[in-house]
Amino acid sequence: MHLELSEEQRLLADSIERFLRDHYAFERRRELLAGSEPFGRDTWQAFADLGLLALPFAETQGGLGGGAVELLLLAEALGRHLVVEPYFETVILAGGLLAACGGERAAALLEGIQSGAVQGAFAYAERGGGLPESAVATRAQPAAGGWRLAGRKAVVFNGAAADFLLVTASEETEGGAGAPALFLVPGEAPGVHRRPYRTWDGRSACELELAGVELPAEARLFDAAAFAGAWARVRDRALLFLCAEALGGMEGAFAATVEYTKGRVQFGQPLARFQVVRHRLVDMYIQKELARSLVQALAWHLDRDDPAAPRIAAAAKAQLSAAGRFVTENAIQLHGGIAMTDEYHVGHYLKRQAVIDALLGDRAWHLARYRRLADGGALQATETEGGGPWTSS
Amino acid sequence: MHLELSEEQRLLADSIERFLRDHYAFERRRELLAGSEPFGRDTWQAFADLGLLALPFAETQGGLGGGAVELLLLAEALGRHLVVEPYFETVILAGGLLAACGGERAAALLEGIQSGAVQGAFAYAERGGGLPESAVATRAQPAAGGWRLAGRKAVVFNGAAADFLLVTASEETEGGAGAPALFLVPGEAPGVHRRPYRTWDGRSACELELAGVELPAEARLFDAAAFAGAWARVRDRALLFLCAEALGGMEGAFAATVEYTKGRVQFGQPLARFQVVRHRLVDMYIQKELARSLVQALAWHLDRDDPAAPRIAAAAKAQLSAAGRFVTENAIQLHGGIAMTDEYHVGHYLKRQAVIDALLGDRAWHLARYRRLADGGALQATETEGGGPWTSS
Amino acid sequence: MDYGAFRREVRAFLDEALTPRLKRAGQLQTSVFADFEATMEWHRILYRKGWVAPDWPPEYGGTGWDLIQRHIFQEECKLADAPSLLPMGLQMLGPLLIRYGTEAQKAHYLPRILSGEDVWCQGYSEPGAGSDLASLKTRAVRDGDHYVVDGSKIWTSMAHHANRIFCLVRTANTEKPQAGISFLLVDMATPGITVRPIVGLDGRVEQCEVFFDGVRVPVENRVGAENQGWEVAKYLLAFERGGHHFAADHKKQLRRIARILAAEADPEGRLRGEDPDFCARLAAAEVEALALEYTELRVKGGLAAGASPGALSSLIKVAGCEIGQRLDALALEAAGLWCAPFQPEALSPDWTGTPAAPDHALTAMACYVDNRASTIYGGAAEVQRDIMARHLLGL
Amino acid sequence: MDYGAFRREVRAFLDEALTPRLKRAGQLQTSVFADFEATMEWHRILYRKGWVAPDWPPEYGGTGWDLIQRHIFQEECKLADAPSLLPMGLQMLGPLLIRYGTEAQKAHYLPRILSGEDVWCQGYSEPGAGSDLASLKTRAVRDGDHYVVDGSKIWTSMAHHANRIFCLVRTANTEKPQAGISFLLVDMATPGITVRPIVGLDGRVEQCEVFFDGVRVPVENRVGAENQGWEVAKYLLAFERGGHHFAADHKKQLRRIARILAAEADPEGRLRGEDPDFCARLAAAEVEALALEYTELRVKGGLAAGASPGALSSLIKVAGCEIGQRLDALALEAAGLWCAPFQPEALSPDWTGTPAAPDHALTAMACYVDNRASTIYGGAAEVQRDIMARHLLGL
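As structure tokens, this is what we get:
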């Protein structure tokens, strides 16, 4: 599983890192968040110009055909630099679902996403269910040759800025929660009401009310069965992205803590001379590197369409959650007061980590999912899967 | 909840400690375990002479009427000195059940226990259930004006040395596991087969086969309903005893580790000068003292017949298990190789702790039990129970 | 002492005196500090009742309650959602003045602390002196009957609301850094003082940096002898012994979790309160909190009987903070996606907008984030363990 | 390289070569060491197959496999319940001689390690020199063409079975203690050597104390230059890089747990494998083990591509041991009361008595207890973290 980067991959990583270092200093991020824009439009356009918005899409869909390793490199850098722009929301979630859907309408939107002109959001969460696969109370009823959507969606990330929303709704007519199908809803459609707010990680989200929104027949991108399949394809890449972002956050928090403890003198010596501080840093490093191994493994399996990928994804999300929390909490602890301020960057890693934990299933949920997928014989998988990672390398 | 000891209690604690220090050095314990006796008969007789075997029994039953605090002091000392004699098995379990039963037969056995002449054992565990309240496959069938017992009991502590066995068996006639009733079985009754062995903590136990053991009618001490009630009364004192023993073990392990790390020089200074070692010792102390608080609280509530006692008992067993494991594992770690040997005492605390964990419900079971008893509002109990510990002090 | 009756008396008073707005401020409190206006309103209500300073000797305005009564009072206040009072005057400076202040200082300042007329802040830490407090550099140079103070203090809680600050300043350079420190009382209105509020990770201001530029402080505002300020400051730590009320905080946290559990589902829509894995972890934390509560009671019971708490006092602080952090992390987990909305304004008791998160989850992230500071301030957990190790090992 | 085919080849060989008794010895192995007789029988079988020293260069008897093949081989051996081979000759001394030995030493000793004729033990630690190995005191004084060795070694695994010992001895007193150490090969039959077996917590003997009283060792038995023994010994650590196989151990542990789960009930009679709380904790440990496995693969993949593992090598040891200890604790918990019976004799593959515990639980306590040593030997976890911190911080 040696993830030796290709020349192109190395160039990609370098160019992202260089761009963010030069144009995304923490001070600039603070200024942005002090304003009223949900994110930096100029940064977004720069992402488009760098080709990043086209990165994960197939060449047949106008994209660059980047694989999981490319996504890992990008998300890691975005996490390291605490980037708040809605790459995950617009490109990975909305874009990923559109790409899975295909068709003219989707192609047009995908083109807009890749050029930077169009923002999307994926509205799945409701009171009572926080996963895209959760049953939903939002209803889609056949009406006048099309659909009529009614319901409420919660914590829709990038929902306020989105030009279009991908909304899960049930076609069942009876009350209660039903299996979700997926509908394309223009942001400005009559009956769409959005109540925006910032989130703790510096992003934006909204509560979304669908008050009898009338949609054409083709607005249903997937029926319930098809949506389950489409989401399964998008999900593991989305998990990879979140995990890699968390990994980048750990890197940022760890590096800052090493630097700070080497420089900060208390009781006559740098903090990093205290054995307890040193060992804590070692434990942070251990957690970070164990987490990195799972993220890399997930990319490796995804790029090979390996059936083990969903299991590794569950493992990675669970582990990244624990590791990310440990590393970012201890980064604050070893800094002391300065890390509790808005003006210093290190505390912000903790807040993003906490939100990542809550997205697409938390640690407990993924541990249970891991057990289910491993079916009680997890670690023997490398022997049973035709020789493990090594047969196909 | 100030557990200020009475003059008598202080004298008791002192005399136990003095006796064990003088007569139960670790070397003597090793010699005993190298032999074939299951425990030290002379030590047992000394316990009888000191009145310890009569301590927890009511004065009406020939005992000294000691309360929970007295039991705590005794068990703590036994744990600190790694005492293997079957006080828990004969006095607390078998004696406690007999005392709850009453009657002439029980009185005679209780007298024998208190004088040191009689050993007992409580045989409840089977494959498939390790608690006294577990349903059992062992069957008691009415036969010729009495009972006929058939089945197998597992890991019967002190079973080999026991003059009598208290055996759980179901009166239901159908197969499968049934609710346990309690039967008194003479150790030498025909059909009683015992396969003895030592246990990891230096005690002895046996597998017990009951091959159609014929018993008189009065051998049934409790039917299923009565047994449930009797055990509930004995259980919390038994849990107190185990917890206090674990606490004593933590004290022994902690004291040895402090002493060793202060004396052992590595890299030019005593181990206890290394910050990581010092902080580990602090963490061990924290766990030990938090555990002590729950054990003392349990004794306090038991001595007041407080309805909160079962909940505190569950909390204490769960906490003592985690704390005991943490303290004894780290005691070994901070000592290094010497603690992995049979000839040094500190490793033996770990083994006793591990067995205590498995007795009468492990940590996970007691945590679940705690939740059940607390009914989701645990920590508010002090406000709802008529003013908490303070109203009746 | 009939503690049950006492508890009922406290409860009855709280039932009546705590207005809905004050209760709301208590419910929305996510750190050591509740909404400032509500805090002071509650302070004044307790002052009128005579209950504002239970820990003070009765002759200075205390209640005369024993330690157990004070424990019960704190617990009932927390469980009734009373906002916390500011500790700087009542818990810190007041007892210190009672021990070290001149008669004039006591006569002037103590009544104003009790009434709430003076709001104090604490000028200890400096940018270069955090856990290593003794390395502080803010200088006070004698000039006639004044000291002239230059330097800066940081992590000064509530300095933007306070009208007075008590400070440690350097009055001499000595080999042992502790030996050249003095303790001064300073009016925040003195020319040369500037306050820079520091925005916290939660988007709100509790901490400040305070700059001193040629600030003239009358010599009679010194507490204790010149260069003896370290001894005076250390008394605060000693006073804290037995003054912890973590159990009350933990109960409030557990109640918050119970509210979330009753309302909130896991990602699959199953009620969190029915998830055995989550419940097992919650029970483990509850049991630790229970062990801590009984440790507090052991210490208080022992203090009442004349014993010295020794290392147990530090233990309570270290374990109390860490258990509190675990509970906040569990609350965050239970809140799920609802942790994400960031509306600092919604944490004011006077805000009338529509909150993005349901009420039971409104404070989850703020509590989690704010409480990370509890193992930092007042001596980081690492420093506390160093101190405990000295106690335990005598090394 | 077709690793799948290689894996099948290994598996086929193991299917045939591992007798039931050898498999039993592997199943009953609870520490680094399996039953000695079975170990040596398996050693000889692998020797005959040519697979006894996969990590050695082919010219000295290695297999020529790449790191991935070696990983697969180790994993298959563990999962087939092969007993572990003794590492002292194959993993420690052999590679060291290949690097530092004279031609005569290599020609004499290497074939005897391969064949199993020589059984080596390692004389490093001393009663006063554990983690601080460089403070060792056993002296070797030159007397003609011999060294005369006096002193004692402790924690010498398998010394009661070994016919040879390699030792670090002090040949000079220098300011830097490492500078005066030499590396000697000693025949255990030399007069003046006494072995005291040390009974472990599990009631069995694996460790010994070895006493040297005027033991004469030919000078040609020194490896490396006089006083350069520390450098020679350190090479062992370097050689360990990439030589860890924790993943295979963890898989074996997980399989043991799975066996218990399938058979064993919790105290209420519910199958452990259906307890969501236990399963959540097991899953957490499994996921960490998986992360460690991929870390091993990262290192091995990187080594294969020429990279240096750096701090990751220590990471694997520290985390690998701690994950292993967690797994053993889970197995113990799952075994419930069955952990209690103590029958060290039942852990011999040749014992024919009736075990008190069911087979799936027979090793639970011994594994748990024995594995506490894994964070002590070969550099305690605390020392490993010191080393890692130096790497990471450059301080």
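Residue numbers (this note's numbering), protein chains in the order written: chain C, 421 to 813; chain X, 421 to 813; chain Y, 11 to 405; chain G, 11 to 405.
Positions of the beta carbon are idealized from the N, C-alpha and C atoms, including for glycine.
In this text, all values refer to a predicted model and were calculated from it rather than measured experimentally.
What's the call for residue i, buried or exposed, on a 16-neighbour Cβ count within 10 Å?
| i | result |
| --- | --- |
| proline 727(X) | exposed |
| aspartate 11(Y) | Checking the sequence shown, residue 11(Y) turns out to be methionine, not aspartate. The residue in question, methionine 11(Y), is exposed, as its Cβ has fewer than 16 Cβ neighbours within 10 Å. |
| glycine 99(G) | buried |
| lysine 310(Y) | buried |
| phenylalanine 687(X) | exposed |
| aspartate 469(C) | exposed |
So with Cβ pairs under 8 Å, would you call residue i a contact of chain Y?
| i | result |
| --- | --- |
| isoleucine 706(C) | no |
| leucine 530(X) | no |
| alanine 733(X) | no |
| leucine 787(X) | yes |
Should residue i be flagged as near chain C, meaning a C-beta pair shorter than 8 Å?
| i | result |
| --- | --- |
| histidine 814(X) | Here chain X comprises residues numbered 421 to 813, so residue 814(X) is not present and cannot be evaluated. |
| methionine 398(G) | yes |
| leucine 211(Y) | yes |
| arginine 395(G) | yes |
For residue i, does the three-state DSSP call read helix, strand or coil?
| i | result |
| --- | --- |
| serine 812(C) | With a pLDDT of only 31 at serine 812(C), under 50, the local geometry of the prediction cannot be trusted, and no value is derived from it. |
| tyrosine 245(Y) | helix |
| aspartate 434(C) | helix |
| leucine 103(Y) | helix |
| tryptophan 130(Y) | strand |
| isoleucine 175(G) | strand |
| alanine 350(Y) | coil |
| alanine 563(X) | strand |
| aspartate 777(C) | helix |
Quick one: does residue i have its CB under 8 Å from some CB of chain G?
| i | result |
| --- | --- |
| arginine 791(C) | yes |
| valine 678(C) | yes |
| methionine 670(X) | no |
| arginine 614(X) | no |
| lysine 771(X) | yes |
Starting from the beta carbon of residue i, find every residue of chain C whose beta carbon is closer than 8 Å, and list them in chain order.
| i | result |
| --- | --- |
| threonine 385(Y) | Gln753 |
| tyrosine 157(Y) | The premise fails here: tyrosine 157(Y) is roughly 26 Å from chain C at the closest Cβ pair, so nothing lies under 8 Å. |
So residue i contacts chain Y; which residues on that side make the cut at Cβ distance below 7 Å?
| i | result |
| --- | --- |
| aspartate 287(G) | Pro286, Asp287, Ala290 |
| leucine 780(X) | In chain order: nothing, as chain Y lies at least about 17 Å away. |
Could you list which residues in chain Y have their beta carbon closer than 9 Å to that of residue i, in chain order?
| i | result |
| --- | --- |
| valine 685(X) | Simply none; closest approach about 13 Å. |
| arginine 572(C) | Those do not exist, as arginine 572(C) stays about 12 Å from chain Y at its closest Cβ, beyond 9 Å. |
Within 8 Å (strictly less), CB to CB, does residue i reach chain X?
| i | result |
| --- | --- |
| alanine 189(Y) | no |
Name, please, each residue of chain X whose Cβ falls closer than 7 Å to the Cβ of residue i.
| i | result |
| --- | --- |
| phenylalanine 694(C) | Gln695 |
Residues of chain X with CB under 8 Å from residue i, in chain order?
| i | result |
| --- | --- |
| glutamate 298(Y) | Leu710, Gln739 |
Strictly below 7 Å CB to CB, what residues from chain C border residue i?
| i | result |
| --- | --- |
| threonine 305(G) | Glu709, Leu710, Ser713 |
List, in order along the chain, the chain G residues whose C-beta lies closer than 7 Å to that of residue i?
| i | result |
| --- | --- |
| alanine 597(C) | Ordered by position in chain G, no residue passes the 7 Å Cβ test against alanine 597(C), which lies about 23 Å from the chain. |
Name, please, each residue of chain G whose Cβ falls closer than 8 Å to the Cβ of residue i.
| i | result |
| --- | --- |
| tyrosine 617(X) | Pro351, Phe352, Gln353, Ala366 |
| leucine 551(X) | Pro277, Glu278 |
Along the chain, which unbroken stretches of the beta strand (DSSP E) at least 3 residues long are found entirely within the region 257 to 302 of chain Y? none
Whole runs of the beta strand (DSSP E) within the region 524 to 604 of chain X, excluding any shorter than 3 residues: 540 to 543, 559 to 563, 566 to 577, 584 to 590
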